[in-house]
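Protein chains in written order, with the numbering used here: chain A, 16 to 291; chain B, 6 to 674. Yeah, the Cβ is synthetic: ideal placement off N, Cα and C, and Gly gets one too.
Dropping the structure here:
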């Protein structure tokens, strides 16, 4: 991880640390204190002993605030509330361990960014901002991802929380853009159980949450086709995430978010060799 | 055809629209939900066509049909073809029951006669349609009889077997008259018959009247014909063609007729003459056997009687034929002829040399009016056809049962007799002859002789002939299918026209091979009119006692109900006179009319034909079909349930959603 302060995360920069990294030949200007005299004695050449430097984490949370994020069915939590809880929890954990957390909210007409900071007061700002979210309009997720990719100067963890009901090709390009900038991307795909199962008994008028268009349909007639389309969508997004080496997490909003966080953190620990 | 006993509940059929209404209302009463994954919904809607919609339509149809079935069951549907949609609303049924001899035969697969079978079916059917008023019109009496209850139908003497024939068109006319005169309301005429041609094929004039009568009925489809068409069992009938006494001998000409098959059959002929029974085995080689039997009778006996019978078979009514005889009587013929060669030939054939009992008188046409005919059996008319008074006298002779045979005259003024006239004479081409290849071998004076031997008609060669024009029936035809011998029944008598003359300038008829049997058979037939005290056909006026006479049966062959005496064959005493009555022998002919014939008879009227094969499996014309409809309804509901079952949805999605591990997600995809 690349950060401006020493932290708990392994950094690609070499520095003073207890963990040996490699030898390299001495060049003019190197700190002579870092010369390995034992190596000089053995080889009659000057070598500099490099150590891994620990640095801080920049975590950037992109939360989709389009109208579709307001969806919930039955007693389950709305998608946006679920996203808020995950984003807030992860931001808290990030700042709590001395890392920086930033936030990007996006929908069609709004793109609000809070740059990453490590201060506790900054965390409060993130909480207030999350609390004030009112989802509406079409999604601006792809644009927000491109913006984040461009604006964050150093490698960071980019956590995207959305239903990903957007153009898949554009979304895929945004993912590649983030990966090109060496960012570590984690996708939280939030769906309601009903959106997957499509379990309706009688005719319904379905009103689009983003543009208010509607359609009257007999669920028993279209259920199979709908489920097939949803299945293809999930397979597609999972493939695109895999192709860009992004972490993909399909989450139904009827699950406790604590479980989601636990699984996510354990998964990252196993990937990064013991440090999240 | 389907009819309903409870037509009042047919309005329930309207309930069939309920599933459609509910479907439409459901579509209108939809719930509204906010939905995010709209693109998938639109895609699913686009793709959900064809099979799914068809399935939905089938479900809707099944529900509709199930309700229709419930409504139909509630209306108690009947099927069977005899009743139409109006079957349950009848006030009166006029049942014309064919009681002719042919109705007594049992069809294959049944032990009961067609008459009994139809009575059972009528009873059951009347019961099923709510027992409307029943009026019975039987073919024997022709009278209408109000029946209190169909249950007693088979006990009535008016439905018992008879030895009569039936006149169906007349019965239909009478039934219509009865319905009209009695103002019977909503009525139907049911004709129960075996469609035997002899009972149905009467002249077109009768059928025209019947059609006109039916058209006066206000109700459509007022006539239903129940045709009992089951294939009859093998049956042999016996009839006595002639019985005559010659001094101390009784000569019977007996004819056997087999209704099917031509294989040789051994038959026992039982004779009963004046109470003495004898039997003779005979073998039938073909379908018909004609046999002459001679029996010695006491010279001093003035009269006697008897019968010839067969062992019982499929039709018990045609197994016997009765006869009676009186004192020997000379036969007289009158020959009205022009002078010529043919006169001698006719005289020779009418009074055979050596037969003293046959006498003939030859007169010229001008002497006809002055010649008494009361003793004559046969008149041979070889002269211009009679007109005016001459024609009337000849017609009177026919009406009294005489036989007249007309031959061409050498001169042919334009005249006709009984609707028949001569055409101009015609000669054959040089060295060519007119011949007669076709003639009726079973009926008429040219029928086959004893042992079924045919007459040598093919020996006839004619070089001159006169065409026969008119409405007589052809009994023999020339090779160009014009008539050689025509016949017309006039009153009780028979009129024949022969197309050529026993004259060398006309034909070789004078050789006798054809002329003698032709005239002798005419003589025998004509003699029957003097035996009117000795023989009659059941159903004719001659078979009825005249006022003051008491009927008493004298033979011992069978017993009859006194109420059916008039319709039963037997040997009777009417006061002092003896008479043998027999069934109409036309009843032995099993030919039936076709449905095309029926269409012709009832042209312009609506009628329903129900063909019953006469088996005993079903004793009703109708059958309630609610069971079948319930099964159909059940099938509809089961199909609906199967189609409504939702197929098991793929479980992969659920498991993928529950398992958050990226690897398992990928694996599941």
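Below-8 Å beta-carbon distance, residue i vs any chain B residue
i, result
"residue 271/A", "no"
"residue 122/A", "no"
"residue 109/A", "no"
"residue 203/A", "no"
"residue 258/A", "no"
"residue 41/A", "no"
"residue 316/A", "Chain A is shown only over 16 to 291; residue 316/A falls outside these bounds and no answer can be derived."
"residue 236/A", "yes"
"residue 280/A", "no"
"residue 157/A", "no"
"residue 230/A", "yes"
"residue 210/A", "yes"
"residue 128/A", "no"
"residue 143/A", "no"
"residue 102/A", "no"
Selected residue, minimal CA-CA separation from residue i, among the options
i, options, result
"residue 12/B", "77/B, 415/B, 29/B, 411/B", "77/B"
"residue 378/B", "361/B, 397/B, 642/B", "397/B"
"residue 226/A", "79/A, 44/A, 153/A", "153/A"
"residue 471/B", "505/B, 500/B, 477/B", "505/B"
"residue 195/B", "204/B, 143/B, 186/B", "143/B"
"residue 199/B", "593/B, 640/B, 610/B, 645/B", "593/B"
"residue 80/A", "260/A, 147/A, 281/A", "147/A"
"residue 117/B", "321/B, 638/B, 245/B, 577/B", "321/B"
"residue 355/B", "530/B, 161/B, 57/B, 444/B", "530/B"
"residue 677/B", "342/B, 305/B, 357/B", "Nothing in the structure corresponds to residue 677/B, since chain B is present only between 6 and 674."
"residue 315/B", "25/B, 401/B, 288/B, 633/B", "288/B"
"residue 271/A", "171/A, 222/A, 100/A, 144/A", "100/A"
"residue 402/B", "500/B, 307/B, 427/B, 416/B", "500/B"
"residue 63/A", "193/A, 45/A, 177/A", "45/A"
"residue 405/B", "392/B, 421/B, 393/B, 380/B", "380/B"
Bounding residues of the alpha helix (DSSP H) (the contiguous stretch that carries residue i)
i, result
"residue 337/B", "Residue 337/B -> not in any alpha helix (DSSP H); beta strand (DSSP E) instead, spanning 336-342."
"residue 641/B", "631-649"
"residue 67/B", "56-79"
"residue 184/B", "173-187"
"residue 128/B", "119-133"
"residue 24/B", "23-33"
"residue 111/A", "94-111"
"residue 138/A", "135-146"
"residue 186/A", "183-195"
"residue 395/B", "393-404"
"residue 46/B", "43-52"
"residue 257/A", "234-258"
"residue 220/B", "209-220"
Residue burial classification, residue i (beta-carbon count within 10 angstroms, cutoff 16)
i, result
"residue 214/A", "exposed"
"residue 601/B", "exposed"
"residue 166/A", "exposed"
"residue 648/B", "exposed"
"residue 535/B", "buried"
"residue 42/A", "exposed"
"residue 483/B", "buried"
"residue 251/B", "exposed"
"residue 312/B", "buried"
"residue 30/B", "exposed"
"residue 273/B", "exposed"
"residue 198/A", "buried"
"residue 437/B", "exposed"
Residue-level contact to chain A via CB, residue i, 8 Å cutoff
i, result
"residue 52/B", "yes"
"residue 57/B", "yes"
"residue 90/B", "Residue confidence for residue 90/B is low, a pLDDT of 42 falling below 50, so the modelled location carries little weight; the figure read from the coordinates is stated next. Output row for residue 90/B: interface = no."
Residue i: first and last residue of the uninterrupted beta strand (DSSP E) it sits in
i, result
"residue 246/B", "241-251"
"residue 199/A", "199-206"
Determine which residues of the segment 172-201 of chain A have a Cβ less than 8 Å from any Cβ of chain B, and write them out in chain order. 178, 180
What residues in the segment 68-97 of chain A bring their beta carbon closer than 7 Å to a beta carbon of chain B? 83, 86
Please list, in chain order, the residues of the segment 21-50 of chain B that have any C-beta partner in chain A closer than 9 Å. 31, 32, 33, 34, 35, 36, 37, 38, 39, 40, 41, 42, 43, 44, 45, 46, 47, 48, 49, 50
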